[in-house]
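Residues in the sequence shown are numbered from 13 upward in steps of one, following my numbering.
For each residue, glycine too, the CB sits at the ideal point set by N, CA and C.
All of these numbers come straight from a predicted model, not from anything done at the bench.
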Amino acid sequence: MRKAFAFVSLLSLSFFGAAHNHQHDGHDHHQHQVVQDSVGLQVNKAKIRAFLPAAKSTAGYMTLHNNTDKPITIVSAKIEGLGRVEIHEHIHSNGIMKMQPVKALIVSAKGHVEFKPGGYHLMGFDPKIKLKVGETRKLTLYFSGGEKVESTIKVVSLKDEFSNESHHHHH
Numbered sequence: 013m014r015k016a017f018a019f020v021s022l023l024s025l026s027f028f029g030a031a032h033n034h035q036h037d038g039h040d041h042h043q044h045q046v047v048q049d050s051v052g053l054q055v056n057k058a059k060i061r062a063f064l065p066a067a068k069s070t071a072g073y074m075t076l077h078n079n080t081d082k083p084i085t086i087v088s089a090k091i092e093g094l095g096r097v098e099i100h101e102h103i104h105s106n107g108i109m110k111m112q113p114v115k116a117l118i119v120s121a122k123g124h125v126e127f128k129p130g131g132y133h134l135m136g137f138d139p140k141i142k143l144k145v146g147e148t149r150k151l152t153l154y155f156s157g158g159e160k161v162e163s164t165i166k167v168v169s170l171k172d173e174f175s176n177e178s179h180h181h182h183h
């Protein structure tokens with residue numbers, strides 16, 4: 013019971029952005045698929061957490077690069093096997109951190125947006141096919157100009173995500 017409580021506490025800390033968010037731009041111990049579409053959009057380090065028991069949603073992260081000379085606007089996303097995917101952001105309002113849906117997210121020309129805990133992220137709902145840790149699913153991003161980018165997104169566990177982040181602290 014204590015383990016379950018600790019795990020749920022860890023999840024809520026992460027979910028509301030209060031957990032330590034470690035930026036690590038140095039070396040990487042894992043291969044991450046990088047997909048670049050002909051329209052000059054690139055997705056890398058895409059991952060989604062497996063649903064916890066009784067959870068109604070889960071979070072996904074990635075980095076989206078715009079290698080074009082004009083801004084692009086992401087308007088929606090789909091992940092194979094999930095009934096619904098939304099783009100969300102965390103905002104600070106009157107000293108309280110809130111999460112809210114984002115209808116459109118602009119990625120500047122030659123810029124990038126990082127989807128990460130405490131910032132922009134994907135929220136997955138209504139699993140039609142259970143997400144299994146270690147598998148990959150098809151991720152499709154849709155843009156305001158009608159473009160779409162297909163990539164893969166890896167299913168990770170919350171425990172693995174935190175152990176990978178804490179691993180980087182021991183250098």
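From MET135, ASN56 and ALA58, pick the residue whose C-alpha is nearest to that of HIS100; which is it?
-> Within the sequence shown, the letter at position 88 stands for residue 100. Minimum Cα distance to HIS100 is reached at MET135.
Ends of the beta strand (DSSP E) at PHE63?
-> Sequence index remark: in the sequence shown, residue 63 carries index 51 (1-based). Where PHE63 is concerned, there is no enclosing beta strand (DSSP E), given that its DSSP letter is neither H nor E.
With 8 Å as the threshold, decide whether the Cβ of LEU53 is near any Cβ in chain B.
-> Any reference to chain B falls outside this structure, which holds one protein chain only.
Apply the 10 Å Cβ neighbour rule to ASN106 and answer buried if 16 or more other Cβ atoms are within range, or exposed otherwise.
-> Start at 1 with the first residue of the sequence shown, and residue 106 comes out as number 94. Of the residues assessed, ASN106 falls on the exposed side of the cut-off, its CB having fewer than 16 other CB atoms within 10 angstroms.
From ASN79 to LYS68, what distance separates their C-alpha atoms?
-> Along the sequence shown, read from residue 1 onward, the residue named residue 79 stands at position 67. Along the sequence shown, read from residue 1 onward, the residue named residue 68 stands at position 56. ASN79 and LYS68: Cα-Cα distance of roughly 35 Å.
Once you ignore the five residues that flank GLU173 on each side, which residues in its own chain have a CB closer than 6 Å to its CB?
-> Within the sequence shown, residue 173 is the residue found at index 161, counting from 1. So the list is empty, once near-sequence residues are dropped.
Excluding five sequence neighbours on each side, which residues of the same chain lie with their C-beta closer than 6 Å to the C-beta of GLU162?
-> What you label residue 162 is simply residue 150 of the sequence shown in a count that begins at 1. Here the set comprises THR152.
Rounded straight-line distance, which links the Cα of HIS124 to that of GLY157 | By 1-based counting over the sequence shown, the position of residue 157 is 145. By 1-based counting over the sequence shown, the position of residue 124 is 112. Take the alpha-carbon of GLY157 and the one of HIS124: they are about 18 Å apart.
Is LEU143 helix, strand or coil when you go by DSSP?
-> Working through the sequence shown from its first residue, we reach residue 143 at position 131. Residue state, collapsed to three classes: coil.
Other residues of its chain near GLN112: CB distance less than 7 Å, five sequence neighbours each side excluded | Along the sequence shown, one-based indexing puts residue 112 at 100. HIS100, GLU101 and ILE103, listed in sequence order.
Pick out the complete beta strand (DSSP E) segments inside the region 106-162, 3 residues or longer, and give them in chain order.
-> Taken in chain order, the whole beta strand (DSSP E) runs of length 3 or more contained in the region 106-162 are 108-113, 117-119, 124-127, 133-139 and 148-155.
Using the rule of at least 16 other Cβ atoms within 10 Å of the residue's Cβ for burial, across every protein chain shown, is GLY146 buried or exposed?
-> Against the sequence shown, residue 146 aligns to sequence position 134. Its Cβ having fewer than 16 others within 10 Å, GLY146 is exposed.
Would you give the residue range spanned by the beta strand (DSSP E) that LYS90 belongs to?
-> One-based indexing of the sequence shown puts residue 90 at position 78. Membership of LYS90 in the beta strand (DSSP E) is indicated by the continuous run 84-91.
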